[in-house]
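Contents: one structure, followed by commentary.
Numbering (our numbering), first residue to last: 35 to 483.
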């Protein structure tokens, strides 16, 4: 019984060993079912800027290019520039023979000085000494007259009345003269009421004087008549000496001065116009005459351009034309200076197809924010117009996203060792990237094949 038990145990052990070996051989003969699946090529979802722009090739053009000419005719005596010269505003570029213009100016200035002297003399009041002498003559004549009248008392009553009226008019005239003198310095004196009052007082005085003379004439006493005549002459001389200038004479002389001043200005302008002066800083592009040539007024002489007044004239395609708006930011690059980048703005859009091009393109003009040295009209420029930009957004390369018209797309992502299809919503489709609005997270891997 014991031996049988041992035999059975040996048989079972052998069976286990053989079975185990067979099972191991069977496992070894099968493929490894749990081996990892190979991952496809992927690209991670990143966060950054999405930029949409439009390329617009073109060239630089001058904004200030002017043909300069002289406004008067004459012989060109000096030519101070040649093509390529840099000039500054105010520089004399060319000059005519100005001898005739200088003589005309000197003549006009002399005529003006003469007219001004004549007007000043008319306005100049008499000296104190001259007035005092005239007043002394009146006083002396008055004394002589009074003495003559005293001898003819009966005949002198009428003279006394006339003399009183004359004296009254004299006082009124002196008062009016004093008031006038206080404002006589004003240029509009002829329009003031003081001038009118003085004229009226003068008229009243002359009337009283005439009446007095007529009265004196009727007296038979020769001594009284002679004294009255002497007094009248002395008073008339004093009146003429102290009377203000006649308004008509003042106006006439002032008009002469004004006319002479105009002629001086004209002569000075003619002299100035014999010189051609640079109206702005720039570069001489061409000179169309030589020193010694006789020029006619308005003939083209010098072509001047402002090297700093440049803008870009570019073109956009028919497809891009609706995207362009005035004020959009532009980045400009130049073949002459590839390392140089200048910003600008769209200033003008021309809604007219370029006739000289076989393809439908439209011109636009771009203002440069600054004009670096070394640029010139005609140079090639490549403009990149910023249409739209989204900053710090989820994005994928354009080639991976094929969006439908509604902005949705199907994307294959690799996650947990397998691919899965994900629906995403897209935003701005830029030059290199597409904006992802929803459906993906930063860092997720998108199958790129």
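Even for Gly, the Cβ is constructed at its ideal location relative to N, Cα and C.
The structure displayed is predicted, hence computed values, not measured ones.
What are the partner residues of residue 135, as DSSP defines its beta bridges? Position 101 of the chain shown, counted from the first residue, corresponds to residue 135. Residue 135 pairs with nothing; no bridge assigned.
Alpha carbon to alpha carbon, how far is residue 114 from residue 281? Give it in angstroms, no decimals. One-based indexing of the chain shown puts residue 281 at position 247. One-based indexing of the chain shown puts residue 114 at position 80. C-alpha separation (whole angstroms): 53 Å.
Please report how far the alpha carbon of residue 84 lies from the alpha carbon of residue 123, in whole angstroms. Locating residue 84 in the chain shown gives position 50, where the first residue counts as 1. Locating residue 123 in the chain shown gives position 89, where the first residue counts as 1. If you take the alpha carbons of residue 84 and residue 123, they lie about 47 Å apart.
Inter-residue Cα distance where the pair is residue 483 and residue 432: Position 449 of the chain shown, counted from the start, is the residue given in the question as residue 483. Position 398 of the chain shown, counted from the start, is the residue given in the question as residue 432. Cα-Cα distance, rounded: 13 Å.
DSSP state of residue 299 mapped onto helix, strand, coil: For this step, residue 299 is matched to residue 265 along the chain shown. Three-state result, residue 299: helix.
Can you list, in chain order, the residues of its chain with a C-beta nearer than 6 Å to that of residue 445? Leave out the 5 residues immediately preceding and following it. The residue labelled residue 445 in the question sits at position 411 within the chain shown. Excluding residues within five positions, the ones whose Cβ falls inside 6 Å are 456, 458 and 480.
Scan the stretch 88-118 and note each continuous beta strand (DSSP E) run of 3 residues or more that stays entirely inside, going in chain order. 99-103 and 108-113
In the DSSP assignment, what residue or residues form a beta bridge with residue 74? Numbered from 1 along the chain shown, position 40 holds the residue referred to as residue 74. Bridge partners of residue 74: none, in fact.
Integer-rounded CB distance, given that residue 350 should sit under 8 Å from residue 90: Numbered from 1 along the chain shown, position 56 holds the residue referred to as residue 90. Numbered from 1 along the chain shown, position 316 holds the residue referred to as residue 350. Indeed they touch by this definition, with Cβ atoms about 5 Å apart.
Indicate the three-state DSSP secondary structure (helix, strand or coil) for residue 411 in the structure shown. In the chain shown, counting from the first residue as 1, residue 411 sits at position 377. Residue state, collapsed to three classes: coil.
Just checking my contact of residue 284 with residue 316 at CB under 8 Å: how many whole Å lie between their CB atoms? Here residue 284 corresponds to residue number 250 of the chain shown, with the count starting at 1. Here residue 316 corresponds to residue number 282 of the chain shown, with the count starting at 1. Not quite, the Cβ-Cβ distance comes to about 51 Å (not below 8 Å), so this is no contact.
Coarse secondary structure for residue 282, derived from DSSP in three states: Walking along the chain shown from the start, residue 282 turns up at place 248. Helix.
Between 345, 247 and 99, which lies nearest to residue 200 when the distance is taken from Cα to Cα? Looking up residue 200 in the chain shown gives position 166. Measuring from the Cα of residue 200, the nearest candidate turns out to be 247.
On the CB-based measure, 16 or more other CB atoms within 10 Å of its CB, does residue 197 come out buried or exposed? Taking the first residue of the chain shown as 1, we reach residue 197 at position 163. The residue in question, residue 197, is buried, as its Cβ has 16 or more Cβ neighbours within 10 Å.
Please determine if the stretch 323-335 and the stretch 140-159 are in contact, where contact requires at least 3 C-beta pairs separated by less than 8 Å. no
Exposed or buried, what is residue 469 when buried is set at 16 or more other beta-carbons lying within 10 Å of its beta-carbon? Sequence index remark: in the chain shown, residue 469 carries index 435 (1-based). Label assigned to residue 469: buried.
Separation of residue 95 from residue 287, as counted between CA atoms: Along the chain shown, read from residue 1 onward, the residue named residue 287 stands at position 253. Along the chain shown, read from residue 1 onward, the residue named residue 95 stands at position 61. Each residue's Cα considered, the two are about 57 Å apart.
Local Cβ density within 10 Å of residue 184, reported as buried at 16 or more and exposed below that: What you label residue 184 is simply residue 150 of the chain shown in a count that begins at 1. Burial call: exposed.
Buried or exposed: where does residue 478 fall if 16 or more other Cβ atoms within 10 Å of its Cβ makes it buried? As a first step, residue 478 must be located in the chain shown, where it is residue number 444. When all chains shown are included, residue 478 counts as buried.
What runs of the beta strand (DSSP E), each 3 residues or longer, lie entirely inside the stretch 425-464? 442-449 and 452-463
Quick check: the stretch 212-221 against the stretch 168-175, are there 3 or more CB pairs under 8 Å? no
Rounded to a whole number of angstroms, what is the C-alpha to C-alpha distance between residue 364 and residue 398? Taking the chain shown and counting its residues from 1, one reaches residue 364 at position 330. Taking the chain shown and counting its residues from 1, one reaches residue 398 at position 364. Whole-angstrom Cα-Cα distance: 12 Å.
Return the Cβ separation of residue 415 and residue 92 in integer angstroms, given the expectation that the two are a contact with Cβ distance under 8 Å. The count along the chain shown starts at 1 and reaches residue 415 at position 381. The count along the chain shown starts at 1 and reaches residue 92 at position 58. Contact flag correct, Cβ pair sits at about 5 Å.
Can you tell me where the beta strand (DSSP E) with residue 471 in it begins and where it stops? Residue 471 sits at position 437 when you count from the first residue of the chain shown. First-last of the beta strand (DSSP E) with residue 471: 467-472.
To the nearest angstrom, how far is the alpha carbon of residue 344 from that of residue 467? On the chain shown, residue 344 is found 310 positions in, with the first residue counted as 1. On the chain shown, residue 467 is found 433 positions in, with the first residue counted as 1. Residue 344 and residue 467: Cα-Cα distance of roughly 34 Å.
With 16 other CB atoms within 10 Å as the buried threshold, where does residue 193 fall? Here the question's residue 193 lines up with position 159 in the chain shown. That one is buried.
Does DSSP put residue 220 in a helix, in a strand, or in coil? Start at 1 with the first residue of the chain shown, and residue 220 comes out as number 186. In this structure, residue 220 counts as coil in the three-state DSSP scheme.
Considering only DSSP beta bridges, list what residue 388 is partnered with. Within the chain shown, numbered from 1, the residue matching residue 388 stands at position 354. Per DSSP, none; premise fails for residue 388.
Could you check what DSSP says for residue 479 in three-state terms: helix, strand or coil? Working through the chain shown from its first residue, we reach residue 479 at position 445. Correct three-state label for residue 479: strand.
By the DSSP assignment, the alpha helix (DSSP H) with residue 271 in it spans what residues? Translated into the one-based positions of the chain shown, residue 271 becomes position 237. 256-276 is the extent of the alpha helix (DSSP H) around residue 271.
Quick check: the Cα distance between residue 214 and residue 159, rounded to an integer number of angstroms? For this step, residue 214 is matched to residue 180 along the chain shown. For this step, residue 159 is matched to residue 125 along the chain shown. The straight-line gap from Cα to Cα measures roughly 12 Å.
Compute the distance between the beta-carbons of residue 298 and residue 346, then report whether it is under 8 Å. Taking the first residue of the chain shown as position 1, residue 298 is located at position 264. Taking the first residue of the chain shown as position 1, residue 346 is located at position 312. Result no, Cβ atoms of residue 298 and residue 346 do not sit closer than 8 Å.
In chain order, what residues of the same chain have a beta carbon less than 6 Å from the beta carbon of residue 386, not counting five sequence neighbours either side? By one-based count along the chain shown, residue 386 stands at place 352. Counting only Cβ-Cβ distances below 6 Å, and skipping sequence neighbours, we find nothing.
Residue 410 versus 472, 443, 318 and 420, residue with shortest Cα-Cα distance: Numbered from 1 along the chain shown, position 376 holds the residue referred to as residue 410. The shortest C-alpha separation from residue 410 is found at 318.
Between the stretch 70-81 and the stretch 416-424, do three or more beta carbon pairs fall short of 8 Å? no
State the DSSP-derived secondary structure class of residue 66, mapped to helix, strand or coil. The residue labelled residue 66 in the question sits at position 32 within the chain shown. At residue 66, the pLDDT of 49 sits below 50, so the modelled position is not reliable and the matter cannot be decided from this model.
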